[in-house]
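J.: Residue numbers (my numbering): 4 to 217.
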Amino acid sequence: MTTRKYEASGVQAEFEPGSRNRVLRNLLGIVRARDMEVIESDALAIVQEATPARYGLMHRFSTSDIRELHQGWLGRIYAWAGEYRTVDIGKGGFQFAHAARIPLLMAEFESNVLQRLTPCVDNDHDRLAAALAEVHAELILIHPFRDGNGRLARLLAVLMAGQAGLRPLRFRSLDWQGKRPYVAAIHAAMGRNYLPLADLFRRVIDETVASSTQ
C-alpha cells in the first residue's frame, strides 16, 4: 500500500498521473517525489533571499502577506498556491483545522496573534523565542494550505527574526534531533502551552547567533 503524505479528499487531493500517488498534481508535470523536493526547495531558497527586502523592519504581517508568500514560493508549481485549502487533512494521526473554518481562523490569527506580535522588534532572545513559538504554532495548527505549511511557517519565523536583527535562522537542531520534541511541542500548543516550542526556538536562535560569530 502506498503511504500518502496526507489523508484528504476533493480537488486539491489529486495526484499527478504517473506519480503513483506520491506527488500532488502540479503545473510542471513532475512525477518523482525527489524531483519535486528539489524544485520546491530551490524555489523556497529564492523567495527567502528576496523577501526580506520586501518587508520593512516595522512591517506588521497579515494573512494577505502569508498568502502572497505561499503563492510567490509555489505559484509556478501548483495551481492552488496562495489559496486556502478546500480539503480536510491530517498527518500522523493528527487532524488539522477543518477547511471550512480556515478563513475565520486565519482572520482571528491575524487580529489576535500577528497584530500583537509583529513587527517583531524585541531583541531579547527569550521574548523573541516566545513570539516565534506562538506565531508558528498557531499557523501550523490551522494548516491553511494544501501543502508547504511547515516550510512557510519557518519562512515567516525567519522574517520575524530578521526584524529583531537576526540573520536567517538555522533550523539544524530541529531537523537533526528535534523531530519528536517538535511534534510534542505542537501538541502542547493546542492547549495554548507554547513553552516547549519556545524552548526549541531559543535553541534555534542560539545556534543562529553562534554561527554568525564563527
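Virtual Cβ for every residue (Gly too), placed ideally from N, Cα, C.
#1: Whole alpha helix (DSSP H) runs in the region 20 to 91 with 4 or more residues, listed along the chain?
#2: Mapping the DSSP letters down to three states, classify G151 as helix, strand or coil.
#3: Could you tell me whether the region 84 to 95 touches the region 140 to 156, where touching means 3 or more Cβ pairs closer than 8 Å?
#4: Pull up the distance between the alpha-carbon of G96 and that of I33, whole angstroms please.
#5: How is G93 classed by DSSP in three states: helix, strand or coil?
#6: What does F18 pair with, by DSSP beta-bridge criteria?
#7: Assuming Q166 and C123 are in contact, meaning their beta carbons sit under 8 Å apart, how far apart are those beta carbons, in whole angstroms?
#8: Could you tell me which of E137, A102, H62 and A53 sits nearest to Q15, measuring between CA atoms?
#9: Given a cut-off of 8 Å, decide if S65 and L135 are closer than it, judged by their beta-carbon atoms.
#10: Could you tell me the alpha carbon to alpha carbon distance between R79 and L31, rounded to whole angstroms?
#11: Around the C-beta of N24, are 16 or more other C-beta atoms found within 10 angstroms, so that it is buried, or is it exposed?
T.: In short, the structure shows the following:
#1: Segments of the alpha helix (DSSP H) lying fully in the region 20 to 91: 36 to 53 and 66 to 77.
#2: Judged by DSSP in its simplified three-state form, G151 adopts coil rather than helix or strand.
#3: The region 84 to 95 is in contact with the region 140 to 156.
#4: Cα to Cα, G96 sits roughly 28 Å from I33.
#5: Look at G93 here: in three-state DSSP terms it is strand.
#6: DSSP output for F18 lists L27 as bridge partner(s).
#7: About 5 Å; that satisfies the 8 Å criterion.
#8: When E137, A102, H62 and A53 are compared, the shortest CA-CA separation from Q15 is found for A102.
#9: No; because the gap between Cβ atoms is not below 8 Å, this pair is not in contact.
#10: Taking the straight line from one Cα to the other gives about 8 Å.
#11: Exposed, since its Cβ has fewer than 16 Cβ neighbours within 10 Å.
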